[in-house]
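*Asks:*
Protein chains in written order, with the numbering used here: chain A, 172 to 352; chain B, 286 to 680.
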């Protein structure tokens, strides 16, 4: 759960023209029609359920897979379900040039790894980062390796707060140690 | 160098050093949850903290505004879960009759200048309109805030936006907001606080300030402020936007930043209109629409939906005869809440339907399968009379 280096197969969220999809909002990730669901285990099947071309993602993905997405991922609402649906599918991490602010902190608080890599759009455009590649992410040193291509690129290392919350297994556990100080 | 508005507010709520990029632990004056998110907060709270009391029940609230009164069993049960928790904890609920939580917090004086407020509403940064630190957060954050009264926060950089020139009198706060959104897109203000300067924004009423600050969310910004003082802080970037030639603006499907002059999209046929939301749900928004609709009828076949932001706004609309005007022109008037934006209240669109709305989001699928345009109350009203997108002056 709290490994600071993980590996997995990647899915690159492209549109029908083969471009990285930007500004994917929380209604595309987890539509507001399903907000009454409060059980994490039941959220997975709705993941990306309103994103054209990716509605079958819950059937395609496997535990440990890593998502590569376009900038401003998770724009829009504050719903935690848009993070929890990926936890439900046991996705390993999400990698993006940038995230919506609320989305990013929701993920941090859930102990779910979200990492930023500014070179991602360029790597995708150049065909160096493709669906099916095996990637290894080092959260603390900030290195990402594309194992099958013997390539690496930088990601922004987790901040102290992010890595502390992540290693504690989420905000609640972190808070319990912190309030005892 | 004096601190920016957001830095000053955060500094008055933390002992940590405040500077852009620093993560601080800050004290919260108000923490709230809605009928979406709220049930998750209650569930999380029980799992993590059992029956322990919240940190300060006088600073903790529920605001029901999304599915009000509940239109399905699931939502009814979720709201009751929050009421039961509130009863045990002694927390006040602004229940299904009260309207949009962020607006209720302003009206009640709970969100005021220099205070810090969080809740499960991604448009809570609307509170920047009253110089308050407001942030929407997810249910994990809010559960933690209920228990501890604190949150972690990365101090954002601040973008300075100078609005130059004077916008023509026939334009509105929404036109100004959409035009600024067009200029800033979702990149220039991304993850930043924004300070708006210039006569064009300083002269805005509270309703106008709410309109502008609400859509900082759509600019991907953290929060927007309209400071009284002249800019003297250190800003990460600055942008200047001339509004002297402003005309009525409209955002086309399916992104709020996809902004055009209304004249560029004129004669696009519409099936329905919506006036309301946290962006344009104040009394003066409906009064502006009523001035255009008065003694006219909405075009046959067009459905106009009206949702006041709060019960207080509803009262004012009653007292000022505005509801009479809206009713007589053919509008459907609902009780206060988030209808028109969130699924659960009124205002979904069917496949092929074209809607013009005063809301703040028109993402694909957000309000149903139809297409949604975003504009001012005046443009929505005029378009509902004409049955097609039109500027009020061209009626």
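Glycine is no exception: its CB is placed at the ideal position from the N, C-alpha and C atoms.
#1: Using a Cβ distance threshold of 8 angstroms, determine whether the region 617-636 of chain B contacts the region 513-531 of chain B, with at least three qualifying pairs required.
#2: Could you please give me the residues that DSSP links to residue 130 of chain A through a beta bridge?
#3: Consider the Cβ of residue 332 of chain A: report whether some Cβ of chain B lies at a distance smaller than 7 angstroms.
#4: Roughly how far, in whole angstroms, is the beta-carbon of residue 414 of chain B from the beta-carbon of residue 498 of chain B, given that I think they are within contact range, below 8 angstroms?
#5: Would you kindly work out how many angstroms separate the C-alpha atoms of residue 319 of chain B and residue 360 of chain B, rounded to a whole number?
#6: Please report the Cβ distance between residue 622 of chain B and residue 592 of chain B, rounded to the nearest whole angstrom; I am assuming they are in contact, meaning their Cβ atoms lie under 8 angstroms.
#7: If contact means a Cβ-Cβ distance below 7 angstroms, which residues of the region 400-426 of chain B contact chain A?
#8: To test your reading of the DSSP string, which unbroken alpha helix (DSSP H) runs of 4 or more residues are found completely within the region 611-675 of chain B?
#9: Just the chain A side, please: which residues come within less than 9 angstroms of residue 347 of chain B by C-beta, in chain order?
#10: Do you know offhand how far residue 555 of chain B's Cα is from residue 574 of chain B's?
#11: Is there contact between the region 333-347 of chain A and the region 428-438 of chain B, where contact requires at least three CB pairs shorter than 8 angstroms?
#12: Examine chain A for any beta-carbon lying closer than 7 angstroms to the beta-carbon of residue 661 of chain B, and answer yes or no.
#13: Quick check: is the beta carbon of residue 337 of chain A nearer than 7 angstroms to any beta carbon in chain B?
#14: Answer yes or no: do residue 376 of chain B and residue 342 of chain B have a C-beta to C-beta separation smaller than 7 angstroms?
#15: So residue 360 of chain B contacts chain A; which residues on that side make the cut at Cβ distance below 8 angstroms?
#16: Do you know offhand how far residue 474 of chain B's Cα is from residue 482 of chain B's?
#17: Please list, in chain order, the residues of the region 458-476 of chain B that have any C-beta partner in chain A closer than 9 angstroms.
#18: Are there 16 or more other CB atoms within 10 angstroms of the CB of residue 333 of chain A, so buried, or fewer, so exposed?
#19: Whole angstroms are fine: how far does the CA of residue 508 of chain B sit from the CA of residue 501 of chain B?
#20: Whole angstroms are fine: how far does the CA of residue 606 of chain B sit from the CA of residue 584 of chain B?
#21: Apply the 10 Å Cβ neighbour rule to residue 230 of chain A and answer buried if 16 or more other Cβ atoms are within range, or exposed otherwise.
#22: Check whether chain A comes within 7 angstroms of residue 516 of chain B, counting only Cβ atoms and requiring the distance to be less than that.
#23: Looking at the structure shown, is residue 377 of chain B part of a helix, part of a strand, or coil, going by DSSP?
#24: Taking the alpha-carbon positions, what's the residue 312 of chain B to residue 401 of chain B distance?
#25: Between the alpha carbons of residue 354 of chain B and residue 245 of chain A, how many angstroms are there, rounded?
#26: Taking just the CA atoms, how far does residue 249 of chain A sit from residue 267 of chain A?
#27: Tell me, please, whether the region 303-318 of chain A touches the region 300-307 of chain B by the rule of three or more beta-carbon pairs shorter than 8 angstroms.
#28: So, under 8 angstroms CB-CB, residue 334 of chain B and residue 535 of chain B are touching, yes? Tell me the CB distance rounded to an integer number of Å.
#29: So is residue 321 of chain A in contact with chain B if we call contact Cβ pairs under 7 angstroms?
#30: What do you reckon, are the CB atoms on residue 651 of chain B and residue 198 of chain A nearer than 7 angstroms?
#31: Excluding sequence positions up to five away, which residues of its chain have a Cβ less than 8 angstroms from the Cβ of residue 348 of chain A?
#32: Would you grab the beta carbon distance between residue 667 of chain B and residue 680 of chain B for me? Rounded to a whole angstrom, and I think it's under 8 angstroms.
#33: With 8 angstroms as the C-beta to C-beta threshold (strictly closer), list the residues of the region 317-328 of chain B near chain A in chain order.
#34: Does DSSP put residue 459 of chain B in a helix, in a strand, or in coil?
#35: Hey, residue 235 of chain A and residue 263 of chain A are a contact pair by Cβ (cut 8 angstroms); roughly how many whole angstroms apart?
#36: Tell me which residue opens and which closes the alpha helix (DSSP H) that residue 689 of chain B is part of.
*Replies:* Once the coordinates are examined:
#1: no
#2: In the structure as shown, chain A starts at 172 and stops at 352, and residue 130 of chain A therefore has no counterpart that could be examined.
#3: For the purposes of this step, residue 332 of chain A is taken as the residue at position 161 of the first chain. Yes, residue 332 of chain A lies at the interface with chain B (some Cβ there is under 7 angstroms from its Cβ).
#4: Here residue 414 of chain B refers to the residue found at position 129 of the second chain. Here residue 498 of chain B refers to the residue found at position 213 of the second chain. Indeed, because the Cβ distance is near 4 angstroms, the residues count as touching under 8 angstroms.
#5: One-based indexing of the second chain puts residue 319 of chain B at position 34. One-based indexing of the second chain puts residue 360 of chain B at position 75. Taking the straight line joining both Cα atoms gives about 11 angstroms.
#6: For this step, residue 622 of chain B is matched to residue 337 along the second chain. For this step, residue 592 of chain B is matched to residue 307 along the second chain. With a Cβ gap of about 6 angstroms, residue 622 of chain B and residue 592 of chain B count as contacting.
#7: 405, 406, 407, 421, 422, 423, 424, 425 and 426
#8: 662-671
#9: For the purposes of this step, residue 347 of chain B is taken as the residue at position 62 of the second chain. Neighbours of residue 347 of chain B on chain A: none; closest Cβ ~15 angstroms, over 9 angstroms.
#10: Taking the first residue of the second chain as position 1, residue 555 of chain B is located at position 270. Taking the first residue of the second chain as position 1, residue 574 of chain B is located at position 289. Each residue's Cα considered, the two are about 17 angstroms apart.
#11: yes
#12: Counting from one through the second chain, the residue named residue 661 of chain B turns up at place 376. For residue 661 of chain B, the answer is no, since every Cβ of chain A falls outside 7 angstroms of its Cβ.
#13: Taking the first residue of the first chain as position 1, residue 337 of chain A is located at position 166. Residue 337 of chain A does not count as touching chain B.
#14: Locating residue 376 of chain B in the second chain gives position 91, where the first residue counts as 1. Locating residue 342 of chain B in the second chain gives position 57, where the first residue counts as 1. In this structure, residue 342 of chain B lies closer than 7 angstroms to residue 376 of chain B by Cβ.
#15: Here residue 360 of chain B corresponds to residue number 75 of the second chain, with the count starting at 1. Those are 207, listed as they occur along chain A.
#16: In the second chain, counting from the first residue as 1, residue 474 of chain B sits at position 189. In the second chain, counting from the first residue as 1, residue 482 of chain B sits at position 197. Rounded to whole angstroms, residue 474 of chain B to residue 482 of chain B spans 15 angstroms at the Cα level.
#17: 471, 472, 475 and 476
#18: Translated into positions along the first chain, residue 333 of chain A becomes position 162. Result: buried.
#19: To locate residue 501 of chain B, count along the second chain from 1; it is residue 216. To locate residue 508 of chain B, count along the second chain from 1; it is residue 223. The alpha-carbon atoms of residue 501 of chain B and residue 508 of chain B are separated by roughly 6 angstroms.
#20: Counting from one through the second chain, the residue named residue 584 of chain B turns up at place 299. Counting from one through the second chain, the residue named residue 606 of chain B turns up at place 321. About 22 angstroms.
#21: Against the first chain, residue 230 of chain A aligns to sequence position 59. Classification for residue 230 of chain A: exposed.
#22: For the purposes of this step, residue 516 of chain B is taken as the residue at position 231 of the second chain. Chain A, which has no Cβ nearer than 7 angstroms to the Cβ of residue 516 of chain B, makes this no.
#23: Here residue 377 of chain B is taken as the residue at index 92 of the second chain, counted from 1. Of the three classes helix, strand and coil, the one that applies to residue 377 of chain B here is strand, per DSSP.
#24: Against the second chain, residue 312 of chain B aligns to sequence position 27. Against the second chain, residue 401 of chain B aligns to sequence position 116. Computed Cα separation, rounded: 8 angstroms.
#25: Taking the second chain and counting its residues from 1, the one referred to as residue 354 of chain B is at position 69. Taking the first chain and counting its residues from 1, the one referred to as residue 245 of chain A is at position 74. Roughly 29 angstroms separates the two Cα atoms.
#26: Taking the first chain and counting its residues from 1, one reaches residue 267 of chain A at position 96. Taking the first chain and counting its residues from 1, one reaches residue 249 of chain A at position 78. Those two C-alpha atoms are separated by around 18 angstroms.
#27: no
#28: Looking up residue 334 of chain B in the second chain gives position 49. Looking up residue 535 of chain B in the second chain gives position 250. Contact flag wrong, Cβ pair sits at about 47 angstroms.
#29: Residue mapping note: residue 321 of chain A aligns to position 150 of the first chain, counting from 1. It does not; no Cβ of chain B falls within 7 angstroms.
#30: Residue mapping note: residue 651 of chain B aligns to position 366 of the second chain, counting from 1. Residue mapping note: residue 198 of chain A aligns to position 27 of the first chain, counting from 1. In contact: residue 651 of chain B and residue 198 of chain A (Cβ atoms closer than 7 angstroms).
#31: Locating residue 348 of chain A in the first chain gives position 177, where the first residue counts as 1. 339, listed in sequence order.
#32: The sequence position of residue 667 of chain B within the second chain is 382, counting from 1. The sequence position of residue 680 of chain B within the second chain is 395, counting from 1. At roughly 5 angstroms, the Cβ-Cβ gap stays under 8 angstroms, so residue 667 of chain B and residue 680 of chain B are in contact.
#33: 321, 322, 324, 325 and 328
#34: Numbered from 1 along the second chain, position 174 holds the residue referred to as residue 459 of chain B. If DSSP states are grouped into helix, strand and coil, residue 459 of chain B belongs with the helices.
#35: As a first step, residue 235 of chain A is located in the first chain; it is residue number 64 there, counting from the start. As a first step, residue 263 of chain A is located in the first chain; it is residue number 92 there, counting from the start. So it is a contact: roughly 5 angstroms between Cβ atoms.
#36: Lying outside 286 to 680, the shown extent of chain B, residue 689 of chain B is not represented and no answer is given.
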